[in-house]
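Enquirer: Let me begin by handing over the structure; questions about it come next.
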């Protein structure tokens, strides 16, 4: 485990501002942004930090066990901040299944993979691992 933060939904409005804050005000070695780039995700929100060597963008889905598991294996994060969500009420009326998939199933996948990663850590790292879920 190293000084790495994994942020889901980092191309959305709140997530992108959080990433900019983290890069400007912390010393994380890696800032991993996992985002599916749906209607609310926009890479242009992070144009000014694209060249920061600590920033790593991964286009992927939190519902994809393999994607999430591989990120944990490769980057060994000690912090997860989960912003990824479908949050537009009008869209939830038209397509509630997508909201269920991302907000419930995706969060469940992220929690399951985080738990699996956590229980295999050396116990001396357990108190250093944090999971923050930001929900609308």
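Numbering (this note's numbering), first residue to last: 1 to 136.
We put the CB at the ideal spot given by N, CA and C, even for glycine.
In this text, all values refer to a predicted model and were calculated from it rather than measured experimentally.
#1: Let me see if you follow: with CB-CB separation under 8 Å, is residue 99 close to chain B or not?
#2: For residue 39, which option in 132, 125, 87 and 120 has the closest C-alpha, if you only look at C-alpha atoms?
#3: Is the segment 92-101 in contact with the segment 8-28, if contact means three or more CB pairs nearer than 8 Å?
#4: Between the alpha carbons of residue 117 and residue 15, how many angstroms are there, rounded?
#5: Between which two residues does the alpha helix (DSSP H) carrying residue 101 extend?
#6: How would you label residue 84, buried or exposed, when you count the other beta carbons within 10 angstroms and need 16 or more for buried?
#7: Using only CA atoms, which one of 35, 67, 74 and 42 lies nearest to residue 57?
#8: Checking 8 Å against the spacing of the C-beta atoms, do residue 101 and residue 67 come in under that value?
#9: Tell me whether residue 61 is buried or exposed, calling it buried when 16 or more other Cβ atoms sit within 10 Å of its Cβ.
#10: For residue 59, which of helix, strand or coil comes out of DSSP?
#11: When DSSP builds the beta bridges, which residues end up paired with residue 32?
#12: May I have the straight-line CA-CA distance separating residue 73 from residue 27, to the nearest angstrom?
Expert: For this structure:
#1: The structure shown contains no chain B; it is built from a single protein chain.
#2: The count along the chain shown starts at 1 and reaches residue 39 at position 39. The residue with the shortest Cα to Cα distance from residue 39 is 87.
#3: Contact fails: fewer than three Cβ-Cβ distances are below 8 Å.
#4: Residue 117 sits at position 117 when you count from the first residue of the chain shown. Residue 15 sits at position 15 when you count from the first residue of the chain shown. Cα to Cα, the separation comes out at about 23 Å.
#5: Counted from its first residue, the chain shown places residue 101 at position 101. Element bounds for residue 101: n/a, residue is neither H nor E.
#6: Counting from 1 along the chain shown, the entry for residue 84 is found at position 84. Buried is the call here.
#7: Against the chain shown, residue 57 aligns to sequence position 57. For the residues 35, 67, 74 and 42, the minimum Cα distance to residue 57 belongs to 35.
#8: For the purposes of this step, residue 101 is identified with residue 101 of the chain shown, where counting begins at 1. For the purposes of this step, residue 67 is identified with residue 67 of the chain shown, where counting begins at 1. Going by C-beta atoms, residue 101 is not nearer than 8 Å to residue 67.
#9: Counted from its first residue, the chain shown places residue 61 at position 61. Counting C-beta atoms within 10 angstroms of its own C-beta, residue 61 has 16 or more neighbours from the protein chains shown and is therefore classed as buried.
#10: Residue 59 sits at position 59 when you count from the first residue of the chain shown. In the three-state reduction of the DSSP assignment, residue 59 falls in the strand class, which pools E and B.
#11: As a first step, residue 32 must be located in the chain shown, where it is residue number 32. The bridge partners DSSP lists for residue 32 are 6 and 56.
#12: Within the chain shown, the letter at position 73 stands for residue 73. Within the chain shown, the letter at position 27 stands for residue 27. Approximately 21 Å, taken between the alpha carbons.
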